[in-house]
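Quick note on the numbering used here: the sequence shown kicks off at 25 and runs consecutively.
Beta carbons are placed, not taken as given, at the ideal position from N, Cα and C, and that holds for glycine.
Here's the structure, in structure tokens; my notes come after.
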Amino acid sequence: MISVKPFFKVCGLTRPGDVTACLDAGAAMTGFIFAAKSPRRVTPEQALGLPRGDAYRVGVFVEQSVEEVVRIMDAAELDLAQLHGRQNEAFCRAVGPGRVIKALWPEKLRSREALQKALDRFAESCAFFLLDAGTSGGGHGRSMDFSLVAGLDMPRPWLLAGGLGPHNLEAALDAAAPDGLDLNSGLETSPGVKDHAAIARAAAILAGRWPPGGQRDE
25 MISVKPFFKV
35 CGLTRPGDVT
45 ACLDAGAAMT
55 GFIFAAKSPR
65 RVTPEQALGL
75 PRGDAYRVGV
85 FVEQSVEEVV
95 RIMDAAELDL
105 AQLHGRQNEA
115 FCRAVGPGRV
125 IKALWPEKLR
135 SREALQKALD
145 RFAESCAFFL
155 LDAGTSGGGH
165 GRSMDFSLVA
175 GLDMPRPWLL
185 AGGLGPHNLE
195 AALDAAAPDG
205 LDLNSGLETS
215 PGVKDHAAIA
225 RAAAILAGRW
235 PPGGQRDE
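Set out below in structure tokens:
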């Protein structure tokens, strides 16, 4: 898994040069979106052709069936499936608990108690959690109130998502203390087009939080 914290994932990647910039900056995960309505959507063939490096390759799925998720993961040579819809625990188990990042929306659940129950319910069905802003979807550029997720009992490593970029990474890390950060629209000049300078700035901020000699386990 990933030993250094905080780590970062860059999602919504569509172009080879952008993936390379993320890998060069030390991204632990690269994300490719397969949601039909996303402006950052790629096909399995396109994702397969993008650089691999040593980062975990993550597919983001919203409306697909279990069979479709598994087929796309195989075709695109993905390591993890980010289930970013209404998938339940049985769906996660069918994909494989060790291969699932389960997305939840604290604002949708309305209370910390409800969020904690959801975390506990999915804990045995996933490898990571991702807590996103809003009430569904992602890539919308909105940030959440970080106090909604501060101090929760997280049963799995987790990523914070939603409108994150160099302008608010320090505040997010200080307030929510996530294991990782999921970056997308906050690193873009337009949907699917990443700003390499912003990627480098975000990576420098996170590297400043790493322990001496910290690096990802291979």
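Grab the span of the alpha helix (DSSP H) containing residue i for me, first residue to last.
{"i": "residue 131", "result": "130–133"}
{"i": "residue 168", "result": "First-last for residue 168: undefined, no H or E at that position."}
{"i": "residue 84", "result": "Not the alpha helix (DSSP H): residue 84 falls in the beta strand (DSSP E), residues 80–85."}
{"i": "residue 117", "result": "113–119"}
What three-state label does DSSP hand residue i in the structure shown?
{"i": "residue 216", "result": "coil"}
{"i": "residue 206", "result": "strand"}
{"i": "residue 30", "result": "coil"}
{"i": "residue 107", "result": "strand"}
{"i": "residue 55", "result": "strand"}
{"i": "residue 139", "result": "helix"}
{"i": "residue 65", "result": "strand"}
{"i": "residue 49", "result": "helix"}
{"i": "residue 193", "result": "helix"}
{"i": "residue 35", "result": "coil"}
{"i": "residue 89", "result": "coil"}
{"i": "residue 41", "result": "helix"}
{"i": "residue 148", "result": "helix"}
{"i": "residue 177", "result": "coil"}
{"i": "residue 60", "result": "coil"}
{"i": "residue 76", "result": "coil"}
{"i": "residue 232", "result": "coil"}
Cα-Cα, which of the options is closest to residue i?
{"i": "residue 69", "options": "132, 111, 28 and 97", "result": "97"}
{"i": "residue 201", "options": "50, 234 and 52", "result": "234"}
{"i": "residue 26", "options": "51, 127 and 209", "result": "51"}
{"i": "residue 209", "options": "193, 189 and 225", "result": "189"}
{"i": "residue 78", "options": "136, 101 and 118", "result": "101"}
{"i": "residue 58", "options": "76, 99 and 45", "result": "99"}
{"i": "residue 215", "options": "175, 35, 174 and 135", "result": "35"}
What does DSSP give as the partner residue(s) for residue i in the beta ladder?
{"i": "residue 127", "result": "154"}
{"i": "residue 185", "result": "206"}
message: Quick check: the region 35–43 against the region 108–116, are at least 3 beta-carbon pairs closer than 8 Å?
response: no
task: Pair every Cβ in the region 129–143 with every Cβ in the region 83–92, then say whether three or more of these pairs are closer than 8 Å.
output: no
query: Is the number of C-beta pairs between the region 215–222 and the region 192–200 that are closer than 8 Å three or more?
result: no
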